[in-house]
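>
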Amino acid sequence: MSAIACLTVLVSIVSCFLSSCTGSGDITTAKLVIKDCILSQVGEMEAMLIKRYCAGNRRWDLIYEKYNVIAVRKEKADETVFSEIYETSANGFYMRLHPDNGFIQTRVLISFDEPYGFGEAEMVTVTDSSDKTIDLKILPAKKDTTTYSSYLIIRGKYCIIEIFEESPLVERVYTITALKELTAELETVLAHAKELAETGVVRVPELYPSQQDKPFFIVTDSPDKGTYMISAGVRVSKEGILYIRVVNTEDGNEFAGPEFKKQTTRIAGFDPDNNFVFPYSSQITIMGNESASTKSFKARFELMFQGRDRSLSKIEELTRMINLLEQQE
Numbered sequence: 039m040s041a042i043a044c045l046t047v048l049v050s051i052v053s054c055f056l057s058s059c060t061g062s063g064d065i066t067t068a069k070l071v072i073k074d075c076i077l078s079q080v081g082e083m084e085a086m087l088i089k090r091y092c093a094g095n096r097r098w099d100l101i102y103e104k105y106n107v108i109a110v111r112k113e114k115a116d117e118t119v120f121s122e123i124y125e126t127s128a129n130g131f132y133m134r135l136h137p138d139n140g141f142i143q144t145r146v147l148i149s150f151d152e153p154y155g156f157g158e159a160e161m162v163t164v165t166d167s168s169d170k171t172i173d174l175k176i177l178p179a180k181k182d183t184t185t186y187s188s189y190l191i192i193r194g195k196y197c198i199i200e201i202f203e204e205s206p207l208v209e210r211v212y213t214i215t216a217l218k219e220l221t222a223e224l225e226t227v228l229a230h231a232k233e234l235a236e237t238g239v240v241r242v243p244e245l246y247p248s249q250q251d252k253p254f255f256i257v258t259d260s261p262d263k264g265t266y267m268i269s270a271g272v273r274v275s276k277e278g279i280l281y282i283r284v285v286n287t288e289d290g291n292e293f294a295g296p297e298f299k300k301q302t303t304r305i306a307g308f309d310p311d312n313n314f315v316f317p318y319s320s321q322i323t324i325m326g327n328e329s330a331s332t333k334s335f336k337a338r339f340e341l342m343f344q345g346r347d348r349s350l351s352k353i354e355e356l357t358r359m360i361n362l363l364e365q366q367e
C-alpha cells in the first residue's frame with residue numbers, strides 16, 4: 039500500500055471519530071490508524087532534500103529554533119492585506135473562522151532533530167512511523183470552554199511530523215487533512231530527488247503556486263502598529279541564511295540587531311546556476327520607548343545573506359517611514 043493509500047485509511051475514520059472516542063476525566067481519545075507512513079521512506083539523504091525543498095518553497099519557512107531545524111508550513115493569506123499568497127505567523131500558529139464551527143487554530147511542522155513540541159505535555163500524543171493504531175489524545179483547550187485541542191507527533195528516524203489542532207469539534211478533521219496533504223507533497227518531492235539535489239526545486243508547478251521569475255523586496259504594514267511583513271524573492275547560488283537588518287537612516291543605528299537577526303533568520307533555498315528565484319518572508323515588530331522624541335522614523339530595511347563560510351553580503355535594501363510600537367509599562 040502506498041503512503042497515499044495509507045491516508046485514505048486515515049480519512050475514512052473521520053466519520054466515526056465521535057463513536058470511537060472514549061473519555062477519562064477531561065481527556066478524550068480517538069483511534070488513529072498509522073499505516074505505510076511516508077516518514078518510513080525518509081533516510082538521511084531524503085531528509086536533507088526535504089530541508090532543501092522547504093527552504094526553496096514559499097509555502098514553508100525553514101528556521102532554526104531551540105538548536106533545531108524546523109520547517110513551518112504557512113497557510114493561505116488574505117491577499118487584499120498581505121503581498122504573500124502564504125502568510126508567515128508567529129511560531130507557526132494560524133487562526134481562522136470556520137463558517138460552521140467557529141474559530142480553528144492550527145500548526146504544522148516538520149522538525150529534523152528533535153520534536154519542537156508543545157507546552158502542555160498532557161495533550162501531546164507521540165508515536166513512531168511504524169504501522170499501528172494509536173489513541174490520539176484530545177483535551178478541552180481551556181477549562182469551561184467548548185474547544186478541543188490535540189498535538190500529534192509522528193517520529194521518523196530523520197524527520198518528524200507535528201500537527202496541532204484546536205477546534206470546536208472533537209473530530210480531528212484538520213489533523214487528518216494535513217497528514218494527507220503532507221504525504222502527497224513529500225511523496226512528490228522524493229520522486230523528484232535528482233532534480234531537487236541539482237537545482238534546489240521540484241519541477242511540479244502545483245507545488246509552487248506563487249513562484250516568481252524576478253527578484254523583489256517588499257515591506258508591508260500589518261494590521262498591528264509597529265509590525266511589518268517582509269517578502270522577497272532572491273537568487274542564491276550557495277548554502278546559507280537570509281535575515282533582516284533595520285537601520286535608522288537619521289543616526290545610522292540598527293534597531294535591535296541580534297534580536298532581529300534571530301527573529302528573521304531563514305535558511306535559504308539555493309541553485310548553483312542561479313536560474314531560480316527563491317522565497318524569503320518574515321515579520322518583525324519594531325519597539326519604541328517613552329524617551330524617544332518621535333514615534334516615526336525613516337528606516338532602511340536590508341536583506342542580508344550569510345554563507346556557510348561566514349561571508350556576508352547585502353542582497354536587497356528598501357527605505358521607508360516606519361511607526362514604532364510604544365512599550366507599555
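Heads up: the sequence shown begins at 39 in my numbering, then just goes up one per residue. Beta carbons: idealized from backbone N, C-alpha and C, even for Gly.
Rounded C-beta distance between I192 and Y154? I'm assuming under 8 Å.
Going by Cβ atoms, the distance from I192 to Y154 rounds to 13 Å, so no, they are not a contact pair.
> With a 10 Å radius around its C-beta and 16 neighbouring C-beta atoms as the bar for buried, classify R96 as buried or exposed.
buried
> Put T118 into one of helix, strand or coil per three-state DSSP.
Residue confidence for T118 is low, a pLDDT of 44 falling below 50, so the modelled location carries little weight; the figure read from the coordinates is stated next. In this structure, T118 counts as coil in the three-state DSSP scheme.
> Can you look up P178 in the DSSP assignment and give me helix, strand or coil?
strand
> Going by DSSP in three states, E204 sits in which element: helix, strand or coil?
strand
> Thinking C-beta only, is S275 closer than 8 Å to M267?
no
> Sorted by chain position, which residues of the same chain lie with C-beta nearer than 6 Å to F293's C-beta, five sequence neighbours on each side aside?
V284 and I324
> For the candidate residues V272, S149 and K232, whose alpha-carbon lies nearest to that of N312?
V272
> Roughly how many angstroms separate the alpha carbons of I76 and A216, rounded to a whole number?
For I76 and A216, the distance between alpha carbons rounds to 13 Å.
> Rounding to the nearest angstrom, what Cα-Cα distance links E225 and G307 in this structure?
20 Å
> Using the Cα positions of I279 and L100, report the straight-line distance between them to the nearest angstrom.
10 Å
> Ignore the nearest five residues each way along the sequence and tell me which others in T287's own chain have a CB closer than 8 Å to its CB.
F335, K336, A337, R338 and T357
> Measuring only the C-alpha atoms, how far is I172 from G130?
Distance between the alpha carbons of I172 and G130 is about 26 Å.
> So what does P317 bridge to, in DSSP terms?
G271
> From E158 to D289, what distance separates their C-alpha atoms?
45 Å
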